[in-house]
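First comes the structure, then the notes that go with it.
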Amino acid sequence: MKDIIRIKCLLSSDVETLINQQIKKEAHSSAIYLSMASWCNRHGYDFSSDYFFKQAEEERAHQLKFYKYILDMGGTAISPEVTNIKIEYNSFREVFEEALDQEINITQSIKSIAARCTKEQDYITLEFLNWFFREQREEEYKARRALELFDVIGEEGTGKWQIDKHVGQIAYNSEA
Amino acid sequence: MQQTTTISSITFTEVFSIKDGAIYQSDSEGCWYIDFAGKLARFDYRNLLKLKKAVYQIDIEDKLLNNGPSADVEIIFICACDHCYVLSLLQIIKLKELLQGSFVMLELNHIIFDRLHRIAS
Chain A
3 MKDIIRIKCL LSSDVETLIN QQIKKEAHSS AIYLSMASWC NRHGYDFSSD
53 YFFKQAEEER AHQLKFYKYI LDMGGTAISP EVTNIKIEYN SFREVFEEAL
103 DQEINITQSI KSIAARCTKE QDYITLEFLN WFFREQREEE YKARRALELF
153 DVIGEEGTGK WQIDKHVGQI AYNSEA
Chain B
102 MQQTTTISSI TFTEVFSIKD GAIYQSDSEG CWYIDFAGKL ARFDYRNLLK
152 LKKAVYQIDI EDKLLNNGPS ADVEIIFICA CDHCYVLSLL QIIKLKELLQ
202 GSFVMLELNH IIFDRLHRIA S
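If you're matching them up, the sequences are chains A and B in order.
End of the first sequence sits at 178 in my numbering; the numbers just go up one at a time, nothing left out.
End of the second sequence sits at 222 in my numbering; the numbers just go up one at a time, nothing left out.
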């Protein structure tokens, strides 16, 4: 009897489901960043708004990368529904706190896919995920550094203006 | 598992069977035939997975405990598939059992294939 399932698709149904869930998370994340960009723009934080627009695009790119991977491997990629996107934030700081939270959630979620791949000996997907781990290192670094600006500069006086100006300059240059 | 049946020039291999139905695989067509609820229906790879998902998603316990006036009938309709099942609760339980058994057998077949043909050769 032929092994038809394996012939048709490289991914196991569990890994495929997990990656589809990840696609949804990336889409959600991209939408949240757009919402943050909107909030920052409305409140006069232009540099932060640009920063979040860029982040939204990056998350969208991640989503497509996962999406195409599933299709390339013979699976069924599911275009996700994105709902429950927050519109208002209580403070400038809260926006960045949530941005970091967002990145941590994404990292943890990719780690759990990798754990499943290790269990199933799906080294191909594991290798594919490596790119995302490098990317998450950068994303978390940027989000953490942005939040740290609030402690380093302080929010009093022209503090928020200074923070906004510096957010756009955060870059991750590690060669490691 | 390797019991082979020929029905009108198509060769089937039985994947798994229960008293009320069976799933056969056709190697030449690369698909499966489900003999259940009085009909023989052809499912390709994607539709079989969609059927599995649709059946597994039914909350049987909830239906058993539900005292509402609605009938215990579930319509399983799969997008882009020619077949549709209208099943009673007991039939759903049986179909689920049939699918679960079949997927275990397909997984076993995958492992055997790997060990005997792919890794050994």
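Backbone N, C-alpha and C define an ideal beta-carbon position, used for all residues, glycine too.
Inter-residue spacing [alpha-carbon to alpha-carbon] between residue i and residue j
i, j, result
"V17 (chain A)", "F204 (chain B)", "16 Å"
"K88 (chain A)", "K26 (chain A)", "16 Å"
"T112 (chain B)", "I126 (chain A)", "34 Å"
"F49 (chain A)", "I106 (chain A)", "23 Å"
"I135 (chain B)", "L200 (chain B)", "9 Å"
"C42 (chain A)", "I9 (chain A)", "49 Å"
"L196 (chain B)", "I220 (chain B)", "34 Å"
"A2 (chain A)", "C185 (chain B)", "Given a span of 3 to 178 for chain A in the structure shown, any question on residue 2 (chain A) remains unanswerable."
"I194 (chain B)", "I161 (chain B)", "8 Å"
"I108 (chain A)", "Y35 (chain A)", "13 Å"
"S114 (chain A)", "L131 (chain A)", "11 Å"
"I21 (chain A)", "L152 (chain B)", "20 Å"
"Q104 (chain A)", "K67 (chain A)", "19 Å"
"C180 (chain B)", "L165 (chain B)", "27 Å"
"Y143 (chain A)", "Y174 (chain A)", "7 Å"
"E157 (chain A)", "H168 (chain A)", "13 Å"
"D121 (chain B)", "E208 (chain B)", "22 Å"
"I6 (chain A)", "R118 (chain A)", "22 Å"
"W133 (chain B)", "F144 (chain B)", "5 Å"
"A33 (chain A)", "E90 (chain A)", "13 Å"
"N92 (chain A)", "R62 (chain A)", "26 Å"
"L188 (chain B)", "G139 (chain B)", "11 Å"
"E60 (chain A)", "G161 (chain A)", "28 Å"
"H64 (chain A)", "I165 (chain A)", "27 Å"
"D215 (chain B)", "A142 (chain B)", "29 Å"
"E177 (chain A)", "L128 (chain A)", "22 Å"
"Q100 (chain A)", "E140 (chain A)", "It is worth fixing the name first, because residue 100 (chain A) is Glu in this sequence and not Gln. Computed Cα separation, rounded: 17 Å."
Residues bridged to residue i (per DSSP)
i, result
"V97 (chain A)", "DSSP, once it has assigned bridges, lists no residue as partnering V97 (chain A)."
"W133 (chain B)", "B:Q126, B:F144"
"V187 (chain B)", "B:I176"
"I119 (chain B)", "B:G122"
Amino acids of chain A, ordered along the chain, whose beta-carbon sits closer than 7 Å to that of residue i
i, result
"D136 (chain B)", "The contacting residues do not exist; D136 (chain B) stays about 17 Å from chain A at best."
"R147 (chain B)", "T78"
"L196 (chain B)", "The contacting residues do not exist; L196 (chain B) stays about 18 Å from chain A at best."
"F214 (chain B)", "D5"
"L150 (chain B)", "S15"
CA nearest to the CA of residue i, picked from the options
i, options, result
"E198 (chain B)", "B:F214, B:V156, B:D160", "B:V156"
"V154 (chain A)", "A:E90, A:S176, A:R95", "A:R95"
"F117 (chain B)", "B:R219, B:D215, B:N210", "B:N210"
"V97 (chain A)", "A:Q24, A:H45, A:N22, A:M3", "A:H45"
"L172 (chain B)", "B:L191, B:L141, B:K151, B:K140", "According to the sequence displayed, residue 172 (chain B) carries Ala and not Leu. Cα-wise, what sits closest to A172 (chain B) is B:L191."
"F152 (chain A)", "A:W163, A:E177, A:R139", "A:W163"
"L102 (chain A)", "A:A63, A:A117, A:E90, A:A148", "A:A148"
"Q24 (chain A)", "A:R136, A:I112, A:E142, A:S93", "A:I112"
"L12 (chain A)", "A:Q110, A:L128, A:G77", "A:G77"
"Y146 (chain B)", "B:K154, B:K140, B:I119", "B:K154"
"E130 (chain B)", "A:K4, A:E99, A:S93", "A:K4"
"Q158 (chain B)", "B:K140, B:P170, B:A142, B:F178", "B:F178"
"G170 (chain A)", "A:A145, A:T160, A:S176", "A:A145"
"L150 (chain B)", "B:C182, B:L141, B:L217", "B:C182"
"E150 (chain A)", "A:R139, A:W133, A:I172", "A:I172"
"I119 (chain B)", "B:G202, B:V174, B:N167, B:E175", "B:G202"
"N86 (chain A)", "A:Y69, A:S37, A:F134", "A:S37"
Contact set between residue i and chain B, taken where Cβ atoms lie within less than 7 Å
i, result
"K4 (chain A)", "D128"
"S81 (chain A)", "Within 7 Å Cβ-Cβ: nothing; S81 (chain A) doesn't reach chain B, min ~14 Å."
"S51 (chain A)", "Those do not exist, as S51 (chain A) stays about 40 Å from chain B at its closest Cβ, beyond 7 Å."
Chain B contact residues for residue i, given Cβ-Cβ distances below 8 Å
i, result
"I7 (chain A)", "Y146, L207, H211"
Heavy atom of the ligand MG within 6 Å of residue i beta-carbon
i, result
"G122 (chain B)", "Absent from the structure shown: the ligand MG. Ligands present: none."
Contact set between residue i and chain A, taken where Cβ atoms lie within less than 8 Å
i, result
"T114 (chain B)", "M3"
Amino acids of chain A, ordered along the chain, whose beta-carbon sits closer than 9 Å to that of residue i
i, result
"G131 (chain B)", "K4, I6, I9, K10"
Neighbour flag for residue i against chain E, beta carbons, 7 Å
i, result
"S171 (chain B)", "The chain inventory of the structure shown lacks chain E, comprising the protein chains A and B."
Query raised in the report: Okay, do the segment 113-127 of chain A and the segment 4-20 of chain A touch, 3+ Cβ pairs below 8 Å being the bar?
Result: Between the segment 113-127 of chain A and the segment 4-20 of chain A, the count of C-beta pairs closer than 8 Å reaches three or more; the two stretches touch.
**Report entry** Cβ contact check for the segment 71-85 of chain A and the segment 50-63 of chain A: 3 or more pairs under 8 Å
**Finding:** no
Requested in this report: Decide if the segment 77-85 of chain A is in contact with the segment 27-39 of chain A; the criterion is three or more beta carbon pairs, one per stretch, under 8 Å apart.
Outcome: yes
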